[in-house]
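All remarks here apply to the structure that follows.
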Amino acid sequence: MRPARLLVVAVVVAALVGGFVADRRDRPSADVPVELAGSVPFTGGGGVWFCPGGSAPGGVAEVALELINAGSEPATAIVTGVRSGTGAEPRSVEELLDAGERRLVRLADLVPDSAWLGAVVEVDSADVVVEQTYVGEVNAEDAARGSDRAPCHTRTATTWLAASGATRKRELGEEMMLLVLNPFLDDAVLDIRFDSDVGIDSRSGVVVPARRVVAIDITEEVTVASRVSAIIDVVTGSVAVSRLQIVENEQRHGLAVTPASADAAPIWYLPTVRRGTRDDVVTVVNPSTTETAEVDLEIIADGELEFDPIQLTVRPGRGVAVAIADESRLEGVGVLSMVARSLGGQPVAVMVESELPFGDGPVSNLSAMVGSDAASTRWIAPAESDDGSVVIFNPSSSTIATATVSVVVDGGLEQIAEVEIGAGHRSVITAAELGGDRPIAIIESTSPVVVGREFADVSVHGLAMAIMADPPTALVD
Amino acid sequence: MADQLDTSSRDATPSVLAVVVAHDPGDWFDETLESLATQDYTRLAVVVIDSAGDPMLGARVHAVLPKASVLDAGDTEGFAAAADAILDTDVDPAYLLICHDDIALAPDAVRLLVVESLRSNAGVTGPKLVDWDRPEQLQHVAYTVDRFGVAADVVDVGELDQEQFDAVRDVFALPSACLLVRTSLFRALGGFDPGITRRGEEIDFCWRAHLVGARVMVVPDARVRHKERLVERTGVDDIRRSRARHQLRTVAVTGSRLSLLVTIPLMLVLAAGEASVALVTGRMTHVRDIVAAWTWNLRRLPEIRARRRQLRPLVRARHADVRAMQETGSVRINAFVRGQIGRRDTRERSSFARTGTARISAVVVAVVGLFVLFGSRALITDGIPAVGDFLGFGDSSGALVGEWWSGWRHRDLGSPGVGMSAPVVLGSLAWLLGGSLGFVRLLWVTAPIVAGLVGAWRMLSVTGSRRAQIGALLAYTIVPLPWAAVASASIAGLYAYAVAPWLLAALLHGQAASPFRSTTGPWRGIWSAGAGLGLSLGTAAVFEPAVIVLLVPMVVGLLVAALLTGRPDGTLRLLAVLVIGAGVVAPLVLPQLLDQVAVGFTWAPFADGRSGAASDLRLVDIVGFAVGPRSLGALSLLLVVPLALPLLVGRSWRFGLAARGWMVALVSWGVAWGMAWGVFPFGLPDPALILAPAGAAVALIAGAAVSVAEHDMRRAGFGWRQALLPLALVASFLAALPTLSLMESGRWGMPRGDFTRVVPFADPDVDGSFRVLWIGAPADVPGGGRVLNDSLAWSLTFDGLPILTDRGVAADEGAAALVTDTMASALDGETMRLGRTLGGLAIRYVVVLDRLAPAPFSAEGRAVPPSISDALGRQLDLRRLVGVNTAMDIYVNTEWTSVRAAATEGFDDGRATIADLARNPLTGTVGVLAGRGDRLTGLLPEGTEMYLAQTHDTRWRLVVDGERTGRRRSLEWATAFLPDRAGQAVLSYDTPLWRQGAMVIQLAGFAVAFSTVLRRRIGVRR
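For the record, the sequence lines run as chains A and B. This note's numbering puts the last residue of the first sequence at 477; the count rises by one with no breaks. This note's numbering puts the last residue of the second sequence at 1022; the count rises by one with no breaks.
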């Protein structure tokens, strides 16, 4: 074979064989962002807040909005009311917020003749946070049945999970409702699956009209259940959902409005769980219709204490509740954080219900929180009372986070503390350390952390996540 | 004269008078006279009619034929009138033998003619005419004639006399060179038509002879040599002119009234068609001759009527019977079509027709033609759905041309520019065809396939091997690229397929390696190669500018092959051909070139919405050309086996050709593979386009493989090389199966329907013009798109579905970046008021496609990432239309503004940019001046401004009640006109003269180029 022929044949064979061998490798693909359940609001999400709201004045959970400008520049917010049922179309109002200002907006002023009120708030700043405040119905003793606060959502979704609730109305005065906001131009249709200690149930074809709020009374659907979880599949459209839980009996009374989880996730961080001073219950729900979830509840205690995780098997469509008080090995630990990790990656939803021991005063002793499936390097944590706290949890297994805690003052930030948080550890900043009257805390960290809030004073006991101000990051270590 | 006739003996033998019409004959005339003198027919007299008034002619005649008479007809013009002079004499022989002065009769010719005339009772008989110098070659035996008086020889030019026409038979007409006519018939008919000076007198005479019931017969045993050099002798080349005149005259005289009602209009149509072709090819004299034929006859109408009156009482035969003897169809059209087949001269063609390879070629071409036709049957009968690049043509061809001429593009957010020039070409063609837009649209899609196959056939014509050409043609047919392009509705793929073999051939000619090497000089043929390259490229670029990309793998492949084979000597020539080609292409794409220069060059029109990100196309599909929606499996890879043959066994130029083909194919496959892996930092066009050079290279190698079988494998004794041949044949057959299977649907897998009746767009006349935002995979977005992200593209269309003028991304993107940015912010979750922002861009609908055509016409789709529906679904001002079609999600923007909207004064105050609309949308606008075009009229209400939601351009102006209004920029990208009154408004675009000048130059360039090509191919024939 002549050299030229040899050369050409060699090139052809090498190119084809080499090509086919190389082509067996996987193609490079663009990084697909990890889908986050996004239960915690993120202020950079488009400047629109969806507030499923509550009841009109005199209702079971009178709602108002609080617009909080955590930035150093003035900001504007356009609040558009959303009503339930039919009637006059709600109004919009534009609010100009000074730097560091917290302003209360009465939704009833925008939607005067509606039983249930919601809102869509459009803001022009990523430093503005929108929260809902609730006051319960005045009872026979002329006392409100409780109060709570919860951030609005920054997104709508097609799947929502309310992991926990109770409907023993007749015996214990427990009522559970779902508040559903449809901010869009088309009607939304929902299918809801319930799982409870008394069995499973479902309701199909629930219509949420366009630009309306609908309150779905679960108590009517699943009666006499000490534990109810609801999985909402939005068949058409997209909605935002909150869970409203009311308790009114001789031993307990209170009101808790909790944002539902938008979708499930394989890992959840619960920054603050307590044993002893209050009775917290962690509920894990598996929304799958086919797959069983094996879930470890990892216990993160202060100091050098280490505990084996609480191991759960959650069947498809079912929920499992764990009362921390029942975990005797945790006696004396007091405050802790938890990580709910689904070992097979099966997405689950988690909620922690918290109840203070009943005292002498008119304390609302009920609260709940869904935790977070993501971490972030910047959080906004509007504080509520002198007795509360901000809990910073570093979920990393290897990275030490340095968190700077500041409060908004006079159009700027005043640093309160700088804390170093070891991997898998937590740090608590009390409201007293933050100082001021209802301060707005800003937590900035060198690596992603999870921040929760506790409110506790004579009138309020509450739990809530802080609000992410940097994009959420999924932590896989 | 009468005394010449021998009446002394054998009175039963009819007398014959040979009438030789002489016109200043040459030396050969003596031989003519001698042939008459040596006839074995005794009762033959000769009279020579001198039509030139030559005083010396008598002496020449009498020197050979002392008894012959010479008749002076110097006052006549033409053969017919001169021959008719015999009627003025008192001679009355039984027969007249009318002869030209340039024939030589065989000694028995007259006798045979007379005998047959008597035996068959024929009125007119004629001999077999053979060439004067080469008597073994037939010249004329008889003529077939159609209803238009056009005659055709029954023998081919240069056809050898093998006694194939030696049967005596009735014919329609005989040449006037030598005719034996009964004198009574000749007298009754008044001889030839004296108005027919030259050419056509015999057709007219024989036609009339038929009408009076006489038989016209050819007697091939009678042989006559004929010189037939009238043009040389007269110095006048008026063949076309005289034939055209006389054909029309003959029809007018001989036709029945009824038949003339049909024939004359048909002749007019044919004349108009012939004149159009001549006009296009720049043959003005041809046009003049055609027109003059009609005016010439119109001037002679009284004469024609007189001849009809004379003929009418003589007619004995039915016109229908005479018509039955004529050729059906048009002899001229048949001849014209035959003339397009190739450029070889007639002698070569006649030899070609008799070879065995010619028959094989004809069979292969027929089979390939049937394959294409059968595979396309549903497209031909049902039409081509308007999906992908195959856009609709709108309402009229005039609108297409008008929009092209306006120099403003409505697609996306509007921009100045020409876009592709396909609309003017196709629109003009449709106009020429009487507005047949559907047919032109079918041609638009199917003609490139035929052009590609012709190119593959011609690519190896230089080898002189018909089998090699067959190999190339078959290989190019089974390469599934065009079928993938049809299935994907990819114009880029189709036109790349069309032009690739032409480009490769031009480059090979440019490189001038054997067998493309010219022996007449190293630079010989470089201009024609460059011109061929430029013309091919320029023509294809009119329909798809991205075809220019094809040159890169071809040139690189050829250069690599030159290096590998140690023959880099053609490199300079190749580069020179590229330069010349660029010079030819430049005027043919001048408007598009200037558009590119104006914006400083942009790649977007070539990328077709592709980002350069990796795709899931595998190498096995690339090498097998399976880039369409249907997977062809690995069987098509077997094509590699026959392609290996010339590389392993080929010698001499066959190996060189294969090496070049392989390198071009490897580079082409490599580019496509790199594209699939996302190695390029920019987007490349449709993979079908990128693979077209490989397709042409495969055809080239296949042709070389056939040549190897012809030349190289015969030489060697039996061995492994010979074993390769059956292996290659079997592999070729198997490799063809996947492509053959594509025929089944009759549409190559293309969707059966389009969006026309699926998408519920509003009528723009109701609320004003609007835009539709299409989002999908680059191949699915109608008309081609711009990059949205790694996997998606977008395009904006005007008032609903796109039309042809919307195809292709404009070089000047105008404000298109606003759409990309706005959509990106929505995808990033930064806005939930997308509708407000898009509304400011006059976008009323957002359509997300996950396949090429709506369900159920297209089942397979490219899934759009759910992030798109998530992003659109969370918008507060977009309403999704439910239940429209599963192939798409349609969102209606509730915050849209019309493209041209009357708005309250200061409507955009406080809104600096389009992004501001997310919080502060435009409100209180009303659509006005709806419709496409560069001039729109309508009423403008009192106290309003007009928001023109398209890229700001100062050449748009608004005139209200005759007064030009002021304007300002609005939202940084659009225009607000500020009329100071209500009234009749005219919004118009003032196209720059330089742009229209460039368009004129482009058209002129094409006219010159195609005129040149056509003149070279058909212009030399008369």
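Backbone N, C-alpha and C fix where the C-beta goes; we use that ideal spot for every residue, glycine too.
Residue from the options whose Cα sits closest to the Cα of residue i
i	options	result
A/Ser427	A/Arg27, A/Val335, A/Asp113, A/Arg155	A/Val335
B/Asp54	B/Leu44, B/Ala73, B/Gln39	B/Ala73
B/Leu550	B/Ser490, B/Gln596, B/Trp502	B/Trp502
B/Gly452	B/Leu474, B/Phe857, B/Val499, B/Ser51	B/Val499
B/Ala506	B/Arg466, B/Leu575, B/Arg467	B/Leu575
A/Val281	A/Gly317, A/Thr313, A/Ala166, A/Asp113	A/Ala166
A/Val135	A/Ala293, A/Ala56, A/Ala374, A/Ala466	A/Ala56
B/Leu700	B/His711, B/Pro646, B/Ala731	B/Pro646
B/Gly670	B/Ser652, B/Leu657, B/Pro693	B/Pro693
B/Leu96	B/Ile103, B/Arg288, B/Ile86	B/Ile86
B/Ala562	B/Gly434, B/Val847, B/Ala658	B/Ala658
B/Ala45	B/Gly464, B/Gly26, B/Val277, B/Val19	B/Val19
B/Val620	B/Ala676, B/Leu437, B/Leu594, B/Leu648	B/Ala676
Residue i burial status per 10 Å Cβ neighbour count (16 or more: buried)
i	result
A/Pro90	buried
B/Trp994	exposed
B/Gln340	Here B/Gln340 scores only 36 on pLDDT, less than 50, and its place in the model should not be relied on; the value that follows carries that caveat. That one is exposed.
A/Asn249	exposed
B/Arg344	Low per-residue confidence applies at B/Arg344: pLDDT is 39, beneath 50, and the placement is therefore not dependable, though the value from the model is reported in the following sentence. So B/Arg344 ends up on the exposed side.
A/Ala400	For clarity, residue 400 of chain A is Ile in the given sequence; the question names Ala instead. Looking at its Cβ environment, which holds fewer than 16 other Cβ atoms inside 10 Å, A/Ile400 is exposed.
A/Pro259	buried
A/Asn286	buried
A/Gly18	exposed
For residue i: DSSP bridge partner residues
i	result
B/Tyr95	B/Val16, B/Arg182
A/Glu389	It is Ser, not Glu, that sits at residue 389 of chain A in the sequence shown. According to DSSP, which records beta bridges pairwise, A/Ser389 is partnered with A/Thr430, A/Glu454.
B/Trp483	DSSP output for B/Trp483 lists no bridge partner at all.
A/Thr313	A/Glu294
A/Gly19	DSSP, once it has assigned bridges, lists no residue as partnering A/Gly19.
B/Phe205	None, per the DSSP bridge assignment.
B/Lys128	B/Arg223
Along the region 673 to 699 of chain B, what residues have a CB closer than 7 Å to any CB found in chain A?
Those residues of the region 673 to 699 of chain B that come within reach of chain A (Cβ to Cβ, closer than 7 Å) are Trp673, Trp677, Gly678.
Closer than 7 Å, Cβ to any Cβ of chain B: which residues of the region 148 to 174 of chain A, in chain order?
Of all residues in the region 148 to 174 of chain A, only Arg155, Thr156 come within less than 7 Å of chain B when Cβ atoms are compared, listed by chain position.
Between the region 114 to 140 of chain A and chain B, which residues of the former have a C-beta closer than 9 Å to a C-beta of the latter?
Cβ proximity to chain B below 9 Å picks out Val120, Glu122, Asp124 from the region 114 to 140 of chain A.
Is there contact here, the region 166 to 183 of chain A with the region 317 to 335 of chain A, by at least three beta-carbon pairs under 8 Å?
Cβ pair count under 8 Å is below three, so no.
Pull out every residue of the region 888 to 902 of chain B whose Cβ sits closer than 7 Å to any Cβ of chain A, in chain order.
Listed in sequence order: Thr894.
With 7 Å as the limit, tell me which residues of the region 8 to 25 of chain A have their beta carbon closer than that to any beta carbon of chain B; keep them in chain order.
Of all residues in the region 8 to 25 of chain A, those with a C-beta nearer than 7 Å to a C-beta of chain B are Val8, Val9, Val11, Val12, Ala15, Gly19, Phe20, Asp23, reading in chain order.
What residues from the region 658 to 669 of chain B come within 7 Å of chain A, judged by C-beta to C-beta, listed N to C?
Listed by position along the chain: Ala659, Trp662, Leu666.
Using Cβ-Cβ distances below 9 Å, what residues of the region 173 to 193 of chain A are close to chain B?
The residues in question are Pro183, Phe184, Leu185, Asp186.
Does the contact criterion of 3 or more C-beta pairs under 8 Å hold for the region 481 to 501 of chain B versus the region 734 to 754 of chain B?
Yes: the two stretches touch, three or more of their Cβ pairs being nearer than 8 Å.
Closer than 8 Å, Cβ to any Cβ of chain B: which residues of the region 36 to 65 of chain A, in chain order?
Cβ contacts with chain B come from Gly44, Gly45, Gly46, Gly47, Val48.
By the 9 Å beta-carbon criterion, what residues does the region 233 to 258 of chain A contribute toward chain B?
From the region 233 to 258 of chain A, only Thr236, Gly237, Ser238 have a Cβ closer than 9 Å to chain B.
Mind checking the region 468 to 479 of chain B against chain A and listing, in chain order, the residues whose C-beta falls within less than 7 Å of any C-beta there?
Shown here is that no member of the region 468 to 479 of chain B has a Cβ falling below 7 Å from a Cβ of chain A.
Decide if the region 586 to 597 of chain B is in contact with the region 982 to 1001 of chain B; the criterion is three or more beta carbon pairs, one per stretch, under 8 Å apart.
Look at the beta carbons and you see the region 586 to 597 of chain B touching the region 982 to 1001 of chain B: at least three pairs across the two are nearer than 8 Å.
Determine contact between the region 297 to 316 of chain A and the region 402 to 410 of chain A, defined as no fewer than three beta-carbon pairs at a distance below 8 Å.
With contact defined as three or more Cβ pairs closer than 8 Å, the region 297 to 316 of chain A and the region 402 to 410 of chain A are not in contact.
Taking Cβ-Cβ distances below 8 Å as the criterion, which residues of the region 721 to 752 of chain B are in contact with chain E?
Included in the structure are the protein chains A and B, with no chain E among them.
Contact set between the region 619 to 640 of chain B and chain A, restricted to residues whose Cβ is under 8 Å from the partner
Look at the region 619 to 640 of chain B: the residues with a C-beta under 8 Å from a C-beta of chain A are Leu619, Val620, Val623, Val640.
Could you run through the region 913 to 925 of chain B and flag, in chain order, every residue whose CB is less than 7 Å away from some CB of chain A?
Answer set for the region 913 to 925 of chain B: Arg919.
Assess, as a yes-or-no matter, whether the region 185 to 204 of chain A is touched by the region 221 to 231 of chain A under the definition of 3 or more beta carbon pairs within less than 8 Å.
In short, these stretches touch, since the Cβ pair count reaches three.
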